[in-house]
Amino acid sequence: MIEVEKKFILSDKEKARLIKNAQFLNWRVFTDIYYDRENFSLTLKDKWLRSREGAFELKLPLQSGTERLADQYEELDDEQKIREALNLSHAESLAADLTTAGYRPICVCKTTRRKYSKEPFTIDVDIVDFQDFTYTLCEIELMVPDKSETESAIQKILNFAKIHRLAITPVRGKVIEYLKRERPNHYHVLVQAGIVKDF
Ligand code: V4E
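According to this note's numbering, the stretch in the sequence shown is residues 2 to 200, in order.
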């Protein structure tokens, strides 16, 4: 399955409209550590490696360029597949091998996520704690079985947002927001490379 998602920064009124009559699914708190090398070799390819509560996941881009209406990434959570994607041979644990290969934390954040369902959409409302600041954002997601259906999924999400009168504006994801504020050199390298759009 492929996850197509669009991020929103909601006003209280927009949030109330979106959540009204939605089914509350669950609530969880998790800590993510994102990794890259000193030369930003991973994020310069729009690849995002994290450990979430200790479990590694790698997001690989399914599209290129910054003019996107929604995000589409393939997510790997199988250790062997992550090793293959990173060209990382097996010597010790994945965490140890990543350190040996030069991967270091670039962002640590603790997210409180409230998940809702308005079929067929999933809505995540995230409050992200970066220690020095917090960032609140919402994601509307649709799962599709095949890449050929991603364009229509984007249109469905945009239509769903329109029905709820949500403003369609560019939104920085949590890691990009952190890099812009706290690691401006890394952020500017990604902007220069066309991975991230500055706004
Ligand atoms: C894909 C991505 C990053 C990794 C974090 O992904 P995100 O969807 O923001 O996190 P989260 O916690 O909601 O993941 P989930 O629980 O849904 O799996 S960091 C940056 N990107 C890509 C990206 C980009 N290239 N440009 C902009 C403006 N935002 C994000």
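Every residue gets a Cβ at the ideal spot worked out from N, C-alpha and C, and that includes glycine. It should be emphasised that the depicted structure is a prediction, and the values quoted were computed from it without experimental measurement.
*Taking C-beta to C-beta, are Leu-11 and Cys-139 nearer than 7 Å?*
As a working mapping, residue 11 is identified with position 10 in the sequence shown. As a working mapping, residue 139 is identified with position 138 in the sequence shown. Contact: yes.
*How would you write the range of the alpha helix (DSSP H) that Thr-100 sits in, first residue to last?*
Sequence index remark: in the sequence shown, residue 100 carries index 99 (1-based). Counting along the chain, the alpha helix (DSSP H) containing Thr-100 begins and ends at 95–101.
*Mind reading off the beta-carbon distance from Ile-107 to Tyr-35? Whole number of angstroms is fine, and I expect it under 8 Å.*
As a first step, residue 107 is located in the sequence shown; it is residue number 106 there, counting from the start. As a first step, residue 35 is located in the sequence shown; it is residue number 34 there, counting from the start. Between Tyr-35 and Ile-107 the Cβ distance is about 5 Å, and since that is below 8 Å, they are a contact.
*Hey, Leu-43 and Leu-50: beta-carbon distance below 7 Å or not?*
Numbered from its first residue, the sequence shown carries residue 43 at position 42. Numbered from its first residue, the sequence shown carries residue 50 at position 49. It is a contact, given that the beta carbons lie within the stated cut-off.
*asked:* The alpha helix (DSSP H) that contains Thr-151, what's its start and end?
replied: Numbered from its first residue, the sequence shown carries residue 151 at position 150. From DSSP, the alpha helix (DSSP H) with Thr-151 extends over 151–164.
*May I ask which residues mark the beginning and end of the beta strand (DSSP E) holding Thr-60?*
Taking the sequence shown and counting its residues from 1, the one referred to as residue 60 is at position 59. It is Lys, not Thr, that sits at residue 60 in the sequence shown. Start and end: 56–62.
*From Leu-89 to Thr-100, what distance separates their C-alpha atoms?*
Numbered from its first residue, the sequence shown carries residue 89 at position 88. Numbered from its first residue, the sequence shown carries residue 100 at position 99. Those two C-alpha atoms are separated by around 11 Å.
*For the beta strand (DSSP E) that contains Arg-29, what are its first and last residues?*
As a first step, residue 29 must be located in the sequence shown, where it is residue number 28. Run containing Arg-29: 24–37, per the beta strand (DSSP E) assignment.
*If we count Cβ pairs, one from each stretch, closer than 8 Å, do we get three or more for the segment 155–175 versus the segment 3–10?*
Yes, the segment 155–175 is in contact with the segment 3–10.
*Beta carbon of Ile-20, beta carbon of Val-145: below 7 Å?*
On the sequence shown, residue 20 is found 19 positions in, with the first residue counted as 1. On the sequence shown, residue 145 is found 144 positions in, with the first residue counted as 1. Contact flag unset, no.
*Could you give the C-beta distance for Lys-175 and Val-129, rounded to a whole number, given that I count them as a contact under 8 Å?*
For the purposes of this step, residue 175 is identified with residue 174 of the sequence shown, where counting begins at 1. For the purposes of this step, residue 129 is identified with residue 128 of the sequence shown, where counting begins at 1. Indeed they touch by this definition, with Cβ atoms about 5 Å apart.
*asked:* Which complete alpha helix (DSSP H) runs does the segment 90–148 hold, if anything under 4 residues is left out?
replied: Scanning the segment 90–148 for uninterrupted alpha helix (DSSP H) segments of 4 residues or longer gives 95–101, listed from N- to C-terminal end.
*Determine the contact status of Leu-59 and Leu-77, defining contact as a CB-CB distance below 7 Å.*
Indexing the sequence shown from 1 puts residue 59 at position 58. Indexing the sequence shown from 1 puts residue 77 at position 76. Their beta carbons are under 7 Å apart, which means Leu-59 touches Leu-77 by this criterion.
*asked:* Can you tell me where the beta strand (DSSP E) holding Leu-50 begins and where it ends?
replied: The residue given as residue 50 occupies position 49 in the sequence shown. Here the beta strand (DSSP E) through Leu-50 covers 49–53.
*Would you give the residue range spanned by the alpha helix (DSSP H) that Lys-175 belongs to?*
Taking the first residue of the sequence shown as position 1, residue 175 is located at position 174. From DSSP, the alpha helix (DSSP H) with Lys-175 extends over 175–183.
*Could you tell me how far apart the beta carbons of Glu-142 and Val-5 are, in whole angstroms, since I believe they sit closer than 8 Å?*
Translated into the one-based positions of the sequence shown, residue 142 becomes position 141. Translated into the one-based positions of the sequence shown, residue 5 becomes position 4. So it is a contact: roughly 7 Å between Cβ atoms.
*Inter-residue spacing [alpha-carbon to alpha-carbon] between Asp-147 and Ser-118*: On the sequence shown, residue 147 is found 146 positions in, with the first residue counted as 1. On the sequence shown, residue 118 is found 117 positions in, with the first residue counted as 1. Taking the straight line from one Cα to the other gives about 21 Å.
*Report all residues from its chain with a CB closer than 7 Å to the CB of Glu-93; omit the five preceding and five following residues, and keep chain order.*
The count along the sequence shown starts at 1 and reaches residue 93 at position 92. None.
*Sort Arg-38, Lys-14, Glu-15 and Glu-178 by Cα distance to Leu-87 and report the nearest one.*
Taking the first residue of the sequence shown as position 1, residue 87 is located at position 86. Ranking the options by Cα distance to Leu-87, first place goes to Arg-38.
_Just verifying my parser: in three-state terms, what is the DSSP assignment at Leu-77?_
The sequence position of residue 77 within the sequence shown is 76, counting from 1. DSSP, reduced to helix, strand and coil, places Leu-77 within a strand of the structure shown.
*Proximity test, Ile-177 beta-carbon vs the ligand V4E heavy atom, cut-off 6 Å*: Walking along the sequence shown from the start, residue 177 turns up at place 176. Yes, the ligand V4E has a heavy atom inside 6 Å of this Cβ.
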